[in-house]
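Quick notes on the structure that follows.
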Amino acid sequence: MDGPQMALVTGPEGEEIHCDQYGRVKVRFPWDRYSKNDEHSSAWLRVAQGWAGGQYGFMALPRIGHEVIVSFLDGDPDQPIITGRTYHATNTPPYALPEHKTRTTLKTKTHKGEGSNELRFEDEAGEEQIYVHAQKDLDLLTENNRTEVIRNDSHLTVENHQFSHIKAADHCTTDGENRLSVGADCSQTVGGTYHQKTARTMASEAGTEVHHKAGAKVVLDAGAELTISGGGSFIKLDPSGVTLSGPGIKINSGGSPGSGSGQGAVMPGVPQVLEAEPAKVIDPVELAEVPLTRAQYQNLMTDAPFCEECVACQDGVCNV
Numbered sequence: 003m004d005g006p007q008m009a010l011v012t013g014p015e016g017e018e019i020h021c022d023q024y025g026r027v028k029v030r031f032p033w034d035r036y037s038k039n040d041e042h043s044s045a046w047l048r049v050a051q052g053w054a055g056g057q058y059g060f061m062a063l064p065r066i067g068h069e070v071i072v073s074f075l076d077g078d079p080d081q082p083i084i085t086g087r088t089y090h091a092t093n094t095p096p097y098a099l100p101e102h103k104t105r106t107t108l109k110t111k112t113h114k115g116e117g118s119n120e121l122r123f124e125d126e127a128g129e130e131q132i133y134v135h136a137q138k139d140l141d142l143l144t145e146n147n148r149t150e151v152i153r154n155d156s157h158l159t160v161e162n163h164q165f166s167h168i169k170a171a172d173h174c175t176t177d178g179e180n181r182l183s184v185g186a187d188c189s190q191t192v193g194g195t196y197h198q199k200t201a202r203t204m205a206s207e208a209g210t211e212v213h214h215k216a217g218a219k220v221v222l223d224a225g226a227e228l229t230i231s232g233g234g235s236f237i238k239l240d241p242s243g244v245t246l247s248g249p250g251i252k253i254n255s256g257g258s259p260g261s262g263s264g265q266g267a268v269m270p271g272v273p274q275v276l277e278a279e280p281a282k283v284i285d286p287v288e289l290a291e292v293p294l295t296r297a298q299y300q301n302l303m304t305d306a307p308f309c310e311e312c313v314a315c316q317d318g319v320c321n322v
């Protein structure tokens, strides 16, 4: 064959992607008037990828209807290989051109559905951006350390629940103001000692009740003044002495202590565990069980550097 050929990827009716275990696809050439646009239009064609190793590399399969460039090794028509893909009037680029000529993108299409995943780079001066879109889930796995530096603002919006689990220490330093708003209940459970220090005023307010309980003792220590006030009465301790004020003062003359609601802290939920998905290892025995055609077998019995096999041989209908 003199030079590469253009072709369209084909496959069974109702399918969007058609390949075999090696990532090969089938095509139909424009000059082919006999084959149909189905899974029988040609033999399997290998697809050149950007990186291909043993169970690693880059993989992007051309889908049915995609226009591809087919080259032939040593010009041999029985050794076709897909070396490129092109956009055309039907399959247009992801973004309008030349309006978005500064964008570089990897955008997929949901198989038998609407939506896409995308990794996009914008290189317009002053508008540089890396954009990531996950149509459904986004999973990130770091086997060791992860470092992230944000030199301006950071915004996070979670429209449902958020879970986090730190299995060792958690250190957070805020040099400026810290605000926290909770729209419902808030629970905090500490397995050891809890310390809190404020350089200036510490003020808290409860709409109905404040209840502090200690298993052994409670110490209130004020450097200048301590006041307990309620129901129109109060007790004040200051350098001048102890002041008790109320409609009546009872000492060992009846009455009973008040009680509180008690604490009811709720333990948090735990996040889902993400584990690395092991790559499927292809068993050499499994590959050895693939049946050989007559042409392949005869070439294996000789010193031929490669097996010349026609399309009919690969389909099992050759009379040679």
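For this note's numbering, add 2 to where a residue sits in the sequence shown, where the first one is 1.
A virtual CB, placed ideally from N, CA and C, is assigned to each residue, including glycine.
As assigned by DSSP and simplified to three states, the class of LEU47: strand
C-beta atoms of ILE71 and MET8 nearer than 9 Å: yes
For SER44 and SER37, the rounded distance between their alpha carbons: 8 Å
Proximity of TRP46 and TYR24 at Cβ, strictly below 9 Å: yes
Simplified DSSP assignment, three categories, for GLY77: helix
Counted within 10 angstroms of its Cβ, other Cβ atoms place LEU182 as buried (16 or more) or exposed: exposed
contact_flag[the region 129-137, the region 154-163] where n(CB pairs < 8 Å) is 3 or more: no
ARG105 versus PRO64: straight-line alpha-carbon distance, rounded: 22 Å
Residues near HIS90 in its chain [Cβ-Cβ closer than 6 Å; skip 5 each side]: GLU69
Contacts around ALA50, its chain only, beta-carbon distance under 7 Å, and the 5 residues preceding and following it disregarded: ILE83, ILE84, THR85
CA-to-CA distance, HIS214 to THR176, given in whole angstroms: 28 Å
Pair within 9 Å by beta-carbon distance, THR88 and TYR97: no
Beta-carbon gap between MET269 and SER189 smaller than 9 Å: yes
Supposed contact pair GLY67 and LEU10 - C-beta distance, whole angstroms, cut 8 Å: 6 Å
Assigned exposure category for VAL272 - 16 Cβ within 10 Å defines buried: exposed
Pick from GLN265, ARG30, ASP240 that is closest to GLY217, judged by C-alpha positions: GLN265
Residue nearest to GLY5 in terms of C-alpha spacing, selected from LEU75, GLU18, PRO14: LEU75
Top-ranked residue by Cα proximity to LYS109, from ILE251, GLY16, LEU99, PHE123: PHE123
Counted within 10 angstroms of its Cβ, other Cβ atoms place GLY16 as buried (16 or more) or exposed: exposed
C-beta contact flag for LEU228 and LEU246 at 9 Å: no
Residues that DSSP places opposite THR1 in a beta bridge: Because the chain is modelled from 3 through 322, residue 1 falls outside the range shown and cannot be assessed.
Nonlocal neighbours in the same chain, by C-beta distance under 7 Å from HIS20, ignoring five residues either side: GLY13, PRO14, VAL27, LYS28, GLU41, ILE66
Proximity of SER235 and GLY248 at Cβ, strictly below 9 Å: yes
DSSP bridge partner residues for LYS114 (one or two, in chain order): LYS114 is not bridged to any residue.
Beta-bridge pairing of LEU10 - partner residues as DSSP gives them: ARG30, GLU69
Among PRO95, LEU99, HIS197, GLN137, the one whose alpha carbon lies nearest that of GLY115: GLN137
Under the three-state DSSP convention, the category HIS20 falls into: coil
Contact set for ALA62: own chain, Cβ-Cβ below 6 Å, skip 5 residues either direction: none
Which of helix, strand or coil DSSP assigns to PRO82: strand
Between the CA atoms of LEU276 and THR195 - distance to the nearest angstrom: 32 Å
Alpha-carbon spacing of GLY250 relative to CYS174, whole angstroms: 50 Å
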